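Beneath this line is the structure, given in structure tokens, with notes to follow.
Residue numbers (the numbering used here), protein chains in the order written: chain A, -2 to 318; chain B, -2 to 318.
Below you can see the structure in the form of structure tokens.
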């Protein structure tokens, strides 16, 4: 939620002149995007987003992210599209940062998703996975099982500042995940960060999906495990099986699970909870009280992890009863 | 540059339903406004700003600010206008805060104003002053000469952390200002914070003036003294007489100075420099290094104050040569 890099009116006007967008009518830094700086720009051609990529995003990954958005949009998924300048470039530079102009997507994100929203999400996620099949580039998931131990060790014993005994609990969990993590599931491009604030709705319908800056190649079912964590728990940490059922049913109607995907979903959900727990613990321990971006509460994901550890079968998520 | 209060999609939709604006298509927190939280909202009726008034703005002042915008706009000054809901209310409440919907003003603010921009500013400021004459409400200027000593004393000896000897220098200056401050100048509604980021341009023309949350009744010429400080110095602290002349000439073409206004402008400019210096010193000493809003450099205004102290006549600002 911050503007990290200031852009002047002169820089912006010179930059926009290379596009077929007419003049700039206004631009405002917007308080979204933990990783990047975003400006909402009104041009004569309509509203657009100017994104400046800050240090946490690797520059060599940008062609993957931008190319993916263009590919998914061309395949019919509603998502922002990088605009090409007159020389055909999507990735440019402004104020010393890599930058791109992206089409603006109308819509609101839903603070308290209902089962109906979860059903819409399932269909959109399946569509994203199917649309991604033809995308030629690839990018490994740096935050999959192999990336968790370094994160765990970076926080170390200080993990217990979050909750007593958490360091040991996560150590045991990590061993289990490393030993039992499924490796032969159907693979493809996953969004990898499809939280409610990355899915826009207009009324009951999804108007689009945003923020592809964690997208990568991994097990498709892992993406739905992330969504189970992000969409199907209540504020009091209770799992809502109605929402999970809606999500899983609408997803599997468009892309049915293999038997193995069905069997390992609880393990994938534990892994997804672990992945977000580890980054939240790290951010919590390494962000000062008054930093620009407030860290998210790790304890929410401790409770989610424990819940999934108690799940014996995907039937308990509401699928295949 | 911050969003202090979060608004949910549900709160916003319920709020907007009371206006004739159609549905909400999108809303983004924008990183502008040191005092308030601002959202840029796309509605079916077009873009608008939703402002939530935070603690630094006194709620009892809001009818003055909102009424002034409505009055000035009706008088032909380009500025945002508070939108009334179906019951005729401009001031409402959302997320526990006083709030208003304001029309969105296209335009860019100029990071490095030219003499031409200063000329445009002069005419607009005169128009603002003339348009304000018929406004029935009034609000004293809490940050005029009577408000400076409490601010000075609140920072106290720590003022020397900004520059060696500054505490004593400002003490002497304050005595002079208190003794010689002119009190019989033509009065009216002044903007009182007309810095470049509050004036929007489209090409060479001013598209409007924003941020009336320091507006008050005071000497009209004091407003132009603020602009001399905010618009007519170069980044290296050199006074640019070409810009000042352009500003003063275009202003006085529309509203000529009285003889006394002409005579006391250097003293008003010293006072204006003092006013912004004192708040910057206070903010500098009372903001932690990682706060959401970074304080502005007080030393810029030390140099401006010293410059105006060296000025013997308004002729040195380029007027009446």
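Here a beta-carbon is modelled for each residue, glycine too, at the ideal position from N, C-alpha and C.
Please read these numbers as outputs of a predicted model, since none were measured by experiment.
With 16 other Cβ atoms within 10 Å as the buried cut-off, status of residue i
i                      : result
residue 134 of chain B : exposed
residue 295 of chain A : buried
residue 43 of chain A  : exposed
residue 215 of chain B : buried
residue 52 of chain B  : exposed
residue 202 of chain A : exposed
residue 317 of chain B : exposed
residue 131 of chain B : exposed
residue 255 of chain A : exposed
residue 139 of chain A : exposed
residue 231 of chain A : exposed
residue 176 of chain B : exposed
residue 25 of chain B  : buried
Within-7 Å CB hit, residue i to chain B
i                      : result
residue 6 of chain A   : yes
residue 57 of chain A  : no
residue 23 of chain A  : yes
residue 107 of chain A : yes
residue 37 of chain A  : yes
residue 278 of chain A : no
residue 206 of chain A : no
residue 0 of chain A   : yes
CB contact below 7 Å: residue i versus chain A
i                      : result
residue 94 of chain B  : no
residue 28 of chain B  : yes
residue 49 of chain B  : no
residue 90 of chain B  : no
residue 53 of chain B  : no
residue 219 of chain B : no
residue 203 of chain B : no
residue 291 of chain B : no
residue 103 of chain B : yes
Cβ neighbours of residue i in the same chain (closer than 6 Å, five flanking residues each side left out)
i                      : result
residue 292 of chain A : 280, 281, 284
residue 249 of chain B : none
residue 47 of chain B  : 36, 38, 98
residue 81 of chain B  : 87
residue 19 of chain B  : 40, 41, 42
residue 101 of chain A : 44, 45, 46
residue 229 of chain A : 237, 240, 241
Range of the contiguous alpha helix (DSSP H) that encloses residue i
i                      : result
residue 25 of chain A  : Unbroken run through residue 25 of chain A is the beta strand (DSSP E), 21 to 27; no alpha helix (DSSP H).
residue 7 of chain A   : 6 to 13
residue 303 of chain A : 296 to 306
residue 224 of chain B : 217 to 228
residue 272 of chain A : 256 to 282
residue 164 of chain A : 163 to 177
Own chain partners of residue i with C-beta closer than 7 Å, once the 5 adjacent residues on each side are dropped
i                      : result
residue 195 of chain A : 206, 207, 208
residue 129 of chain B : 69, 185, 186
residue 66 of chain A  : 76, 77, 78, 79, 209
Residue interval of the beta strand (DSSP E) (run including residue i)
i                      : result
residue 46 of chain A  : 43 to 49
residue 204 of chain A : 202 to 206
residue 236 of chain B : Neither: residue 236 of chain B is in no beta strand (DSSP E) and is coded neither H nor E.
residue 183 of chain A : Here residue 183 of chain A belongs to no beta strand (DSSP E), and DSSP marks it neither H nor E.
residue 94 of chain B  : 94 to 100
Chain C contact for residue i (CB, 7 Å cutoff)
i                     : result
residue 13 of chain A : Of the chains in the structure shown, none is chain C; the protein chains are A and B.
Residues near residue i in its chain [Cβ-Cβ closer than 8 Å; skip 5 each side]
i                      : result
residue 157 of chain A : 163, 164
residue 257 of chain A : 179, 181, 182
residue 252 of chain A : 123, 126, 127, 217
residue 172 of chain A : none
residue 306 of chain B : 170, 267
Does the contact criterion of 3 or more C-beta pairs under 8 Å hold for the region 306 to 313 of chain A versus the region 1 to 12 of chain B? no
Check whether the region 51 to 62 of chain A and the region 107 to 117 of chain A touch, using three or more Cβ-Cβ pairs below 8 Å as the test. no
Taking contact to mean 3 or more Cβ pairs, one atom from each stretch, closer than 8 Å, check whether the region 137 to 152 of chain B and the region 238 to 248 of chain B are in contact. Result no; under three Cβ-Cβ pairs closer than 8 Å.
Touch check for the region 82 to 98 of chain A and the region 197 to 207 of chain A: three-plus C-beta pairs under 8 Å? A contact between stretches requires three or more CB pairs, one per stretch, nearer than 8 Å, and the region 82 to 98 of chain A fails this requirement with the region 197 to 207 of chain A.
Stretch pair the region 220 to 227 of chain B + the region 94 to 107 of chain B: three plus CB contacts closer than 8 Å: no
Three or more C-beta pairs below 8 Å linking the region 295 to 306 of chain A and the region 151 to 170 of chain A: yes
The region 187 to 202 of chain A / the region 118 to 126 of chain A touching (three or more Cβ pairs under 8 Å): yes
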